[in-house]
Amino acid sequence: MESGLSEIGSTKMFDGYNKRYKHNSETLGCSMTFSIYFPPSSHRSPVLYWLSGLTCTDENFIIKSGAQRAASTHGIALVVPDTSPRGLNIEGEADSYDFGVGAGFYLNATQEKWKNWRMYDYVVKELPKLLSENFPQLDTARASISGHSMGGHGALTIYLKNLDKYKSVSAFAPIANPINCPWGQKAFTNYLGDNKAAWEEYDATCLISKFNNLSATILIDQGENDQFYPDQLLPNKFEEACKKVNAPLLVRLQPGYDHSYYFIATFIEDHISHHVQALEL
Numbered sequence: 193m194e195s196g197l198s199e200i201g202s203t204k205m206f207d208g209y210n211k212r213y214k215h216n217s218e219t220l221g222c223s224m225t226f227s228i229y230f231p232p233s234s235h236r237s238p239v240l241y242w243l244s245g246l247t248c249t250d251e252n253f254i255i256k257s258g259a260q261r262a263a264s265t266h267g268i269a270l271v272v273p274d275t276s277p278r279g280l281n282i283e284g285e286a287d288s289y290d291f292g293v294g295a296g297f298y299l300n301a302t303q304e305k306w307k308n309w310r311m312y313d314y315v316v317k318e319l320p321k322l323l324s325e326n327f328p329q330l331d332t333a334r335a336s337i338s339g340h341s342m343g344g345h346g347a348l349t350i351y352l353k354n355l356d357k358y359k360s361v362s363a364f365a366p367i368a369n370p371i372n373c374p375w376g377q378k379a380f381t382n383y384l385g386d387n388k389a390a391w392e393e394y395d396a397t398c399l400i401s402k403f404n405n406l407s408a409t410i411l412i413d414q415g416e417n418d419q420f421y422p423d424q425l426l427p428n429k430f431e432e433a434c435k436k437v438n439a440p441l442l443v444r445l446q447p448g449y450d451h452s453y454y455f456i457a458t459f460i461e462d463h464i465s466h467h468v469q470a471l472e473l
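Position one of the sequence shown corresponds to residue 193 (the working numbering), numbered consecutively onward.
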């Protein structure tokens, strides 16, 4: 399958450009879109991957976060993939907001029905390769990763399993212990079956005990007024697991903030600064 990469949108912002692309994904077996913010830079730009949450596409972060201002200042490119395969018309794929379309959970599904749901391989392997082959202005060897909610889960797990590929990680309101929350249990049962050991491979709280040779502090922001904080997100479980292995972690509980992009827009500059430090810009 040829990648068939084509540009489908371009908008100037803070002297750089938001560009949107479409390509045929061999990993997912369908056409996919992703967005890149290219900063105005005379040098090759390191990359910050952003993984979005349930129901999102590649556009939510680009339109709502305001991250481009800091990315422009620091000369960092923002790469934003979609959240799941689309257009495959699998029965039941769009029946609920927390599973299927818009809810890929950044894992490689093992159940036959959902075999195209391989967002882990898409984000870790296919997309970086596509970027390095098509965008010489990006320094894909210098990369960090961040995300929100389901995407925060994705960022943490992908980082911990690929410490050689990413310089740093941060997350907003991540699903930090999915094997113990309703969202995670529903997704993992359907994508991975009943084998709980397979679930643990995509749970940051389980993974930190195995992969704790961290060079950069993990940054997590969590709104205290987030409706999903008590039952779905469980950052306290991740914090306990990090303490056990002395993994460097900064969890900031933000009074009054909820789960929305208003919260993300408020603190995104802090997160970009966090990654800039690790990328040694």
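Ideal placement from N, C-alpha and C gives every residue a C-beta, glycine not left out.
Pairwise C-alpha distance: D207 and D201
Within the sequence shown, residue 201 is the residue found at index 9, counting from 1. Within the sequence shown, residue 207 is the residue found at index 15, counting from 1. The sequence shown places Gly at residue 201, rather than the Asp named in the question. So the two alpha carbons sit approximately 16 angstroms from each other.
Skipping 5 residues on each side, what residues in its chain have a beta carbon closer than 7 angstroms to that of D274?
In the sequence shown, the residue the question calls residue 274 occupies position 82. The answer, listed in chain order, is M224, T225, F226, T249, D250.
Where are the beta strand (DSSP E) runs, 3 residues long or more, that stay fully inside the segment 213-283, in chain order?
For the beta strand (DSSP E) assignment, the uninterrupted runs of no fewer than 3 residues enclosed by the segment 213-283 are, from N- to C-terminal side, 222-230, 237-243, 269-273.
In angstroms, rounded to a whole number, what distance separates the CA positions of S338 and K359?
Residue 338 sits at position 146 when you count from the first residue of the sequence shown. Residue 359 sits at position 167 when you count from the first residue of the sequence shown. One C-alpha to the other measures close to 11 angstroms.
Hey, how far is the Cα of Y229 from the Cα of P277?
Mapped onto the sequence shown, residue 229 falls at position 37. Mapped onto the sequence shown, residue 277 falls at position 85. Approximately 22 angstroms, taken between the alpha carbons.
As assigned by DSSP and simplified to three states, the class of N417
Locating residue 417 in the sequence shown gives position 225, counting from the first residue. The answer is coil: DSSP assigns N417 none of H, G, I, E or B.
List the whole-angstrom C-beta distance separating H235 from S336, where the pair is believed to meet the contact cut-off of C-beta under 8 angstroms.
Within the sequence shown, numbered from 1, the residue matching residue 235 stands at position 43. Within the sequence shown, numbered from 1, the residue matching residue 336 stands at position 144. Not really, about 17 angstroms apart at Cβ, beyond 8 angstroms.
Determine the closest residue to T409 out of S244, K435, Y394, with distance taken between C-alpha atoms.
Sequence index remark: in the sequence shown, residue 409 carries index 217 (1-based). Checked all of S244, K435, Y394; the closest Cα to T409 is K435.
Nearest-angstrom Cα distance between D386 and Q377?
Taking the first residue of the sequence shown as position 1, residue 386 is located at position 194. Taking the first residue of the sequence shown as position 1, residue 377 is located at position 185. Between D386 and Q377, the C-alpha separation is close to 10 angstroms.
According to the neighbour-count rule (16 or more other Cβ atoms, all chains shown, within 10 Å of its Cβ), is S288 buried or exposed?
Your numbering for residue 288 matches position 96 in the sequence shown. When all chains shown are included, S288 counts as exposed.
Check Q446 in the structure and name its three-state DSSP category.
Counting from one through the sequence shown, the residue named residue 446 turns up at place 254. Three-state DSSP puts Q446 in a strand.
Closest to T246 by CA distance: which of K305, Y453, Q469 is it?
Position 54 of the sequence shown holds residue 246. This sequence places Leu at residue 246; Thr is not what is there. Selected option, being the one with the closest Cα: Y453.
Please state whether the Cβ-Cβ distance between L411 and L442 is less than 8 angstroms.
Your numbering for residue 411 matches position 219 in the sequence shown. Your numbering for residue 442 matches position 250 in the sequence shown. It is a contact, given that the beta carbons lie within the stated cut-off.
Which residues bound the alpha helix (DSSP H) around F380?
Taking the sequence shown and counting its residues from 1, one reaches residue 380 at position 188. F380 -> alpha helix (DSSP H) spans 374-384.
When you compare only the Cα positions, how much space is there between L220 and C373?
Your numbering for residue 220 matches position 28 in the sequence shown. Your numbering for residue 373 matches position 181 in the sequence shown. Taking C-alpha positions only, L220 is separated from C373 by approximately 26 angstroms.
Pop quiz: I460 and A333 are said to be a contact at Cβ under 8 angstroms. What is the actual Cβ separation, rounded to whole angstroms?
As a first step, residue 460 is located in the sequence shown; it is residue number 268 there, counting from the start. As a first step, residue 333 is located in the sequence shown; it is residue number 141 there, counting from the start. About 24 angstroms; that fails the 8 angstroms criterion.
Taking the Cβ atom as the reference point for each residue, do D290 and W375 lie within a distance shorter than 8 angstroms?
Counting from 1 along the sequence shown, the entry for residue 290 is found at position 98. Counting from 1 along the sequence shown, the entry for residue 375 is found at position 183. Closer than 8 angstroms, so yes.
Could you name the residues of the same chain whose beta carbon sits closer than 7 angstroms to that of E318, not counting the 5 residues immediately before and after it, in chain order?
Translated into the one-based positions of the sequence shown, residue 318 becomes position 126. For E318, where only same-chain residues beyond five positions count, the Cβ hits under 7 angstroms are S217, E218, T219.
Look at the alpha carbon of Y351 and the alpha carbon of T397, and state the distance between them as a whole number of angstroms.
What you label residue 351 is simply residue 159 of the sequence shown in a count that begins at 1. What you label residue 397 is simply residue 205 of the sequence shown in a count that begins at 1. About 13 angstroms.
For a quick check, are the C-beta atoms of G296 and E285 less than 8 angstroms apart?
As a first step, residue 296 must be located in the sequence shown, where it is residue number 104. As a first step, residue 285 must be located in the sequence shown, where it is residue number 93. No, the pair does not count as a contact, with Cβ atoms beyond the cut-off.
Quick one: what does DSSP say D313 is sitting in, helix, strand or coil?
Counted from its first residue, the sequence shown places residue 313 at position 121. Looking at D313 - three-state DSSP - the assignment turns out to be helix.
From Q424 to I367, what does the alpha carbon distance come to, in whole angstroms?
As a working mapping, residue 424 is identified with position 232 in the sequence shown. As a working mapping, residue 367 is identified with position 175 in the sequence shown. Looking at the two C-alpha atoms, the distance is approximately 6 angstroms.
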